[in-house]
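>
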Amino acid sequence: MEPEASRVVCIGGAAVDRKYRALDPVRPGTSNPVTSERSFGGVARNVAENIARLGAQVSLVTILGDDENGRAVLEDLRRLHIDAGHVAILGEHATAEYIAVLQPDGDLAFGLADMAIFDSLTPALLREALADLSSAWIFADCNMPSETLHELIRLARRQPTMLALDAVSTPKVMRLPRDLAGVGVLFLNRDEAQAFLGHPSPSPEAAAEELLARGAQRVVLTLGAEGLVAADRSGPVRIGAVEAQVADATGAGDALIAATLVAMLNGRSLAEAARLGTAAAALTVESTASVRPDLSLPLLETALSRRAHRSFEREPG
Ligand SMILES: Nc1ncnc2c1ncn2[C@@H]1O[C@H](COP(=O)(O)OP(=O)(O)OP(=O)(O)O)[C@@H](O)[C@H]1O
Ligand SMILES: [Mg+2]
Numbered sequence: 096m097e098p099e100a101s102r103v104v105c106i107g108g109a110a111v112d113r114k115y116r117a118l119d120p121v122r123p124g125t126s127n128p129v130t131s132e133r134s135f136g137g138v139a140r141n142v143a144e145n146i147a148r149l150g151a152q153v154s155l156v157t158i159l160g161d162d163e164n165g166r167a168v169l170e171d172l173r174r175l176h177i178d179a180g181h182v183a184i185l186g187e188h189a190t191a192e193y194i195a196v197l198q199p200d201g202d203l204a205f206g207l208a209d210m211a212i213f214d215s216l217t218p219a220l221l222r223e224a225l226a227d228l229s230s231a232w233i234f235a236d237c238n239m240p241s242e243t244l245h246e247l248i249r250l251a252r253r254q255p256t257m258l259a260l261d262a263v264s265t266p267k268v269m270r271l272p273r274d275l276a277g278v279g280v281l282f283l284n285r286d287e288a289q290a291f292l293g294h295p296s297p298s299p300e301a302a303a304e305e306l307l308a309r310g311a312q313r314v315v316l317t318l319g320a321e322g323l324v325a326a327d328r329s330g331p332v333r334i335g336a337v338e339a340q341v342a343d344a345t346g347a348g349d350a351l352i353a354a355t356l357v358a359m360l361n362g363r364s365l366a367e368a369a370r371l372g373t374a375a376a377a378l379t380v381e382s383t384a385s386v387r388p389d390l391s392l393p394l395l396e397t398a399l400s401r402r403a404h405r406s407f408e409r410e411p412g
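In this text, residue positions in the sequence shown follow this note's numbering: the first is 96, and each later residue adds one.
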């Protein structure tokens with residue numbers, strides 16, 4: 096089968112997120128009145144939703160439980176026109192769920208994560224999904240077991256597939272092989288880079304160069320409100336964040352990844368694409384939703400030009 100040039104296959108986590116906000120300071124050992132909200136999460140799912148909203152074709156490969164939450168995730172994928180033909184349904188585990196209990200002021204009182212189902216994203220399941228799906232691009236998060244990630248990278252080394260990865264967290268980045276050959280773009284933050292490399296780096300640029308030396312073709316090392324470093328064979332480039340009024344930082348990294356990948360699919364260079372990514376991330380931190388329901392390419396371009404305009408105004412002389 097000819098790979099479908101404009102389709103991205105996203106592989107990894109899909110979860111139901113529940114936020115409970117206490118009306119009074121949380122007291123343990125008793126019933127606390129709350130207001131509640133449900134949304135959908137998981138890095139691969141969020142990236143897939145952002146990609147769909149930016150107008151590209153996308154499939155999600157993940158694993159859900161045979162339960163209410165799983166059916167809700169599936170129904171939402173259909174609504175978003177995300178291909179869910181390779182979503183596995185597993186009877187023996189609950190759909191991944193993240194519960195945040197917040198104090199009245201929004202601070203996290205405690206979080207509960209039931210992510211055991213992701214251990215069942217096996218290399219066999221991966222091979223089965225990829226045998227049917229033809230895409231030039233794959234995005235995967237490090238929510239899946241190490242052996243599945245290793246298998247994916249081995250497959251990418253043998254095929255002309257562009258493989259993008261997100262580290263997800265400092266423990267999960269350790270699931271990647273030491274040798275990153277086969278990785279087309281690695282997205283990670285400063286802490287994840289330090290965990291993977293095993294030592295602090297003198298600068299994010301130096302960390303990015305070291306990751307390239309480990310075999311990654313491109314690296315996007317994010318620095319929160321300071322922006323990011325994008326590095327490929329032509330060297331590292333520092334890109335500032337787009338100014339934003341933070342409402343909720345959740346989902347910034349996922350939006351950044353999606354917009355960067357869509358821009359690269361549309362032929363932009365890594366640095367140009369990552370610049371568009373910072374606009375998507377800024378729009379996302381300004382929204383309480385982890386994926387903005389109004390995200391679109393025109394909205395991104397407008398956000399970027401606003402920033403360009405502002406920095407132009409600030410230039411001396
Ligand atoms: N306060 C902010 N203002 C503007 N942009 C931001 C802000 N925080 C993050 N961003 C943007 O989001 C990108 C990714 O953020 P960050 O480095 O925090 O990722 P992360 O630690 O992986 O977080 P996540 O939990 O979203 O995965 C940054 O490169 C930046 O462009
Ligand atoms: Mg992240």
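Ideal Cβ placement from N, Cα and C applies to all residues, glycine included.
1. Looking at M359 and L365, is the spacing between their C-beta atoms short of 9 Å?
2. By the three-class DSSP mapping on this structure, what secondary structure does T256 have?
3. Does the beta-carbon of E338, which I'm using as the reference point, lie nearer than 8 Å to any heavy atom of ligand 1?
4. Please report the residue range of the beta strand (DSSP E) in which R133 lies.
5. Cα-Cα, which of L118, F282 and E163 is closest to L307?
6. Can you look up S400 in the DSSP assignment and give me helix, strand or coil?
7. Look at V138 and V263 and say whether their C-beta atoms are less than 9 Å apart.
8. Between A262 and ligand 2, is there a pair consisting of the residue's CB and a ligand heavy atom that are separated by less than 8 Å?
9. Using only CA atoms, which one of V332, A204 and E192 lies nearest to A211?
10. Could you tell me whether any non-hydrogen atom of ligand 3 is closer than 8 Å to the CB of G348?
11. For E338, which of helix, strand or coil comes out of DSSP?
12. Using only CA atoms, which one of V314, V341, N145 and A151 lies nearest to L413?
13. List the residues that DSSP assigns as beta-bridge partners of R102.
14. Who are the near neighbours of D112 in its chain, counting only those whose CB is closer than 6 Å to its CB and skipping five residues on each side?
15. Does any residue of chain D have a CB that is nearer than 9 Å to the CB of A325?
16. Below 7 Å CB to CB, which residues in the same chain sit around L292 once its five sequence neighbours on both sides are set aside?
17. Would you check if the region 136-156 and the region 178-188 touch, i.e. whether three or more CB-CB distances between them fall below 8 Å?
18. For the region 279-319, list the alpha helix (DSSP H) runs that are entirely contained and at least 4 residues long, ordered along the chain.
19. Assuming G348 contacts A235 (C-beta within less than 8 Å), just tell me the rounded distance between them.
20. Using a 10 Å radius around the Cβ and a threshold of 16 neighbouring Cβ atoms, would you call P393 buried or exposed?
21. So, using beta-carbon positions, are N164 and T125 closer together than 9 Å?
22. Do V324 and G346 have their C-beta atoms closer together than 9 Å?
23. Quick check: the region 328-336 against the region 223-239, are there 3 or more CB pairs under 8 Å?
24. What span of residues does the beta strand (DSSP E) with V324 cover, start to end?
25. Does the separation of the CB atoms of L275 and G310 fall below 9 Å?
26. Quick one: using the 10 Å Cβ neighbour count with 16 as the cut-off for buried, is E144 buried or exposed?
27. According to DSSP, simplified to helix, strand and coil, what is R346?
28. When the Cα atoms are used, what is the spatial distance from A169 to G160?
29. Grab me the residues of Q312's own chain with a C-beta within less than 8 Å of its C-beta, minus the 5 sequence neighbours each way, in chain order.
30. Starting from L371, trace the alpha helix (DSSP H) both ways and give me its first and last residue.
31. On the CB-based measure, 16 or more other CB atoms within 10 Å of its CB, does F213 come out buried or exposed?
Result, derived from the coordinates:
1. Contact: yes.
2. Three-state DSSP puts T256 in coil, outside helix and strand.
3. Checking every heavy atom of ligand 1 against the Cβ of E338, one is found closer than 8 Å.
4. Where R133 is concerned, the enclosing beta strand (DSSP E) stretches over V129 to G136.
5. Of the listed residues, the one whose Cα sits closest to L307 is F282.
6. When DSSP states are grouped into helix, strand and coil, S400 belongs to the helix group.
7. Yes.
8. Within the cutoff, so yes.
9. Of V332, A204 and E192, the residue nearest in Cα terms is E192.
10. Ligands displayed in this structure: ligand 1 and ligand 2; ligand 3 is not among them.
11. Reduced to three states, the DSSP call for E338 is coil.
12. With the chain covering only 96 through 412, there is no way to say anything about residue 413.
13. Partner(s): Q152.
14. Hits under 6 Å: S134, G136 and Y193.
15. Absent from the structure: chain D. Only one protein chain is present.
16. Exclusion of the five residues before and after L292 leaves A302 and E305 as the residues of its chain whose Cβ lies within less than 7 Å of its Cβ.
17. A contact between stretches requires three or more CB pairs, one per stretch, nearer than 8 Å, and the region 178-188 meets this requirement with the region 136-156.
18. Counting only runs of 4+ residues, the alpha helix (DSSP H) found wholly inside the region 279-319 occupies 285-292 and 299-308, in chain order.
19. About 14 Å separates the two Cβ atoms, so there is no contact after all.
20. It counts as exposed.
21. Going by C-beta atoms, N164 is not nearer than 9 Å to T125.
22. No, the pair does not count as a contact, with Cβ atoms beyond the cut-off.
23. With the rule of 3 Cβ pairs closer than 8 Å, the region 328-336 does not count as touching the region 223-239.
24. Where V324 is concerned, the enclosing beta strand (DSSP E) starts and stops at L323 to D327.
25. Yes; because the gap between Cβ atoms is below 9 Å, this pair is in contact.
26. Under this definition E144 is a buried residue.
27. A small correction: the amino acid at residue 346 is Gly; Arg does not occupy that position in the sequence shown. It is coil, neither helix nor strand.
28. What sits at residue 169 in the sequence shown is Leu, not Ala. Using only the alpha carbons, I get a separation of about 11 Å.
29. Spatial neighbours of Q312 in its own chain (CB-CB distance under 8 Å, excluding positions within 5 residues in sequence) are listed in chain order as V278, G279, V280, D327 and R328.
30. That run of the alpha helix (DSSP H) goes L365 to V380.
31. Classification of F213: buried, given that the 10 Å Cβ count is 16 or more.
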